[in-house]
Amino acid sequence: MNVLLNPGPVNLSERVRAALAGPDLCHREIEFAQLQSGIRDKLLEVYGLSAGEWAAVLLTGSGTAAMEAMLGSIPGKDDKVLIIENGVYGERLTRIAAIHGINHSVMHYDWGQTIDGGELEGILSRGGIKYIAVVHHETTTGRLNDLDAIAVIAERYNVDLLVDGVSSFGAEAMDFEDRRIAACAGTANKCLHGVPGISFVIVNRKHLDKNNAATRSLYLDLATYLKQQDAGGTPFTQSVQTLYALDAALDEHREEGGWRTRRDAYRQRLGTARAGLMALGIEPLLEESASSCVLHAYQLPDGIPYQELHDKLKQDGFIIYAGQGDFAKSIFRISMMGAITMEDVKRFIESVRKIVRSKA
Ligand SMILES: *Cc1c(COP(=O)(O)O)cnc(C)c1O
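Written out as structure tokens, the structure is:
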């Protein structure tokens, strides 16, 4: 089996894989209601959130479904959203806002740039903004945007955050209670190590229960899901087997020690890979302190185009990930989520060494 160094889907543990073969189940039966509510509780427990104030809403769909449900459901009829872009996923938030006719403005940075707090403060001080939508870990470049710094500024202007945490939930620090997080989108198949097919939004309940609420989608309306899931139901058929797998993955996550343990394991693997690649003359795109614990991006080695590097590594059983857009010809990315061992990381470095040497 290939070692997946792409940012999700991830290599499954045997326990999660076995859970997929759970009993056939109708989504209108009590057993489903129990499975669903157990998972919703476990998702809140990842960051120690109280069920009175917070809720996890489960959706059948990939991470983008959760982004779209969050952005389409939380801002009220005329609430204005400031979207911060510094990569593909920030730009995706803007496309979602435009499609749904959400009142928004954009603070744009080139991919990989840092967000300027002074500029943010300037925009918020002019007033009129209700929410900031921002990506936590921008997978385009591996940059971890500083949510705390954004939240401190937002707080001064009574603005709340809508966070794309799809590639950070479960492994990076996320201060829900003390920061102004209204909602956070996540997915089963990245840092939580489940199977693709289920995504979720962690929502502060008061942001869905308000009198200027807007309905912009039939399928992705969070308020509908929340009401029915609180009552043990679901508006539409859910991916039952994917939920079995997510339930097992959340148990494994907790038993291993939660998000901190996961962050430390990823950091060790990425750190070993980074040292090994740099020793081969392969330069990282960003400095380590600006990067997530999940993924690092590197400049392609001299004289080796992405496709060649990808194909040769695949022959050795490793799947790397291409850069997007303008980065397609200049970078590659590796992520360390999922059931990957340090042995895998060392074998990966050996494989890269062999490819680079054969060119020298
Ligand atoms: C993976 C990812 C998504 C969702 O992508 P899907 O292909 O819909 O699962 C959203 N945001 C970020 C930051 C991601 O890394």
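So the sequence shown is numbered by my numbering: it starts at 324 and just counts up by one. Virtual Cβ for every residue (Gly too), placed ideally from N, Cα, C. Note that the structure is a prediction, hence the values are computed from the model and not measured.
Need the endpoints of the alpha helix (DSSP H) that residue i sits in, please.
{"i": "Trp377", "result": "First-last for Trp377: Trp377 to Thr383, but that is the beta strand (DSSP E), not the alpha helix (DSSP H)."}
{"i": "Leu569", "result": "Val563 to Glu579"}
{"i": "Asp634", "result": "Tyr629 to Gln638"}
{"i": "Gly509", "result": "Note, Gly509: premise wrong, no alpha helix (DSSP H); beta strand (DSSP E) at Ile504 to Thr510."}
{"i": "Ile476", "result": "Leu470 to Arg479"}
{"i": "Asp667", "result": "Met665 to Lys682"}
{"i": "Leu447", "result": "Gly440 to Ser448"}
{"i": "Glu495", "result": "No alpha helix (DSSP H) contains Glu495, which DSSP labels as neither H nor E."}
{"i": "Ile422", "result": "Val411 to Ile422"}
{"i": "Leu394", "result": "Gly386 to Ser396"}
{"i": "Tyr621", "result": "Taken as a continuous stretch (DSSP letters only), Tyr621 belongs to no alpha helix (DSSP H), being part of the beta strand (DSSP E) at Leu618 to Gln622."}
{"i": "Ala546", "result": "Leu545 to Asp553"}
From what residue to what residue does the beta strand (DSSP E) around residue i run?
{"i": "His431", "result": "His427 to His431"}
{"i": "Phe559", "result": "Where Phe559 is concerned, there is no enclosing beta strand (DSSP E), given that its DSSP letter is neither H nor E."}
{"i": "Arg351", "result": "Per DSSP, Arg351 belongs to no beta strand (DSSP E) and is neither H nor E."}
{"i": "Arg340", "result": "Where Arg340 is concerned, there is no enclosing beta strand (DSSP E), although the alpha helix (DSSP H) it sits in stretches over Glu337 to Ala342."}
{"i": "Ala537", "result": "Unbroken run through Ala537: none, as it is neither H nor E."}
Given 8 Å as the limit, tell me if residue i has its C-beta closer than that to any heavy atom belonging to ligand 1.
{"i": "Val489", "result": "yes"}
{"i": "Val692", "result": "Outside the displayed range of the chain (324 to 683) lies residue 692, so it cannot be described from this structure."}
{"i": "Asn426", "result": "no"}
{"i": "Pro519", "result": "yes"}
{"i": "Tyr412", "result": "yes"}
{"i": "Asn512", "result": "yes"}
{"i": "Ser522", "result": "yes"}
{"i": "Ser385", "result": "yes"}
{"i": "Pro624", "result": "no"}
{"i": "Glu461", "result": "yes"}
{"i": "Met390", "result": "yes"}
{"i": "Gly646", "result": "no"}
{"i": "Ala420", "result": "no"}
{"i": "Arg415", "result": "yes"}
{"i": "Ala508", "result": "yes"}
{"i": "Gly331", "result": "yes"}
Are the beta-carbon atoms belonging to residue i and residue j less than 9 Å from one another?
{"i": "Cys514", "j": "Val617", "result": "yes"}
{"i": "Phe655", "j": "Ala620", "result": "yes"}
{"i": "Met497", "j": "Leu470", "result": "yes"}
{"i": "Val369", "j": "His576", "result": "yes"}
{"i": "Lys453", "j": "Val404", "result": "yes"}
{"i": "Ser614", "j": "Leu636", "result": "no"}
{"i": "Gly440", "j": "Ile407", "result": "no"}
{"i": "His350", "j": "Gln564", "result": "no"}
{"i": "Ala546", "j": "Ser396", "result": "yes"}
{"i": "Ala505", "j": "Val489", "result": "no"}
{"i": "Asp483", "j": "Arg503", "result": "yes"}
{"i": "Ala456", "j": "His427", "result": "yes"}
{"i": "Leu358", "j": "Tyr567", "result": "yes"}
{"i": "Ser608", "j": "Lys652", "result": "It should be noted that the sequence gives Leu, not Ser, for residue 608. No, these two residues do not count as a Cβ contact at 9 Å."}
{"i": "Gly509", "j": "Phe492", "result": "yes"}
{"i": "Ile438", "j": "Tyr432", "result": "yes"}
{"i": "Ile643", "j": "Leu632", "result": "yes"}
{"i": "Tyr273", "j": "Met659", "result": "This structure does not reach residue 273, given that the chain is present from 324 up to 683, and the question cannot be answered."}
{"i": "Ala378", "j": "Arg528", "result": "yes"}
{"i": "Thr595", "j": "Lys677", "result": "no"}
{"i": "Asp667", "j": "Val326", "result": "yes"}
* Is there contact between the segment 398-405 and the segment 370-380, where contact requires at least three CB pairs shorter than 8 Å? -> Short answer: they don't touch.
* To do: Determine, using beta-carbon pairs with one atom in the segment 592-603 and one in the segment 471-481, whether at least three such pairs fall under 8 Å.
  => Contact fails between the segment 592-603 and the segment 471-481, because fewer than three Cβ pairs, one in each stretch, are under 8 Å apart.
* To do: Assess, as a yes-or-no matter, whether the segment 405-412 is touched by the segment 459-467 under the definition of 3 or more beta carbon pairs within less than 8 Å.
  => Under the three-pair Cβ rule at 8 Å, the segment 459-467 counts as touching the segment 405-412.
* **Inter-stretch contact at 8 Å, needing at least 3 Cβ pairs: the segment 562-575 / the segment 332-345** => Verdict: yes, contact present.
* Asked: Does the segment 521-533 come close enough to the segment 385-396 to have 3 or more Cβ pairs within less than 8 Å?
  -> Segments in contact, yes.
* Cβ contact (3+ pairs, closer than 8 Å) linking the segment 536-548 and the segment 491-505 -> Touching, no, given that fewer than three Cβ pairs across the two stretches are closer than 8 Å.
* Inter-stretch contact at 8 Å, needing at least 3 Cβ pairs: the segment 327-339 / the segment 549-556 -> Flag = no, the segment 327-339 and the segment 549-556 do not touch.
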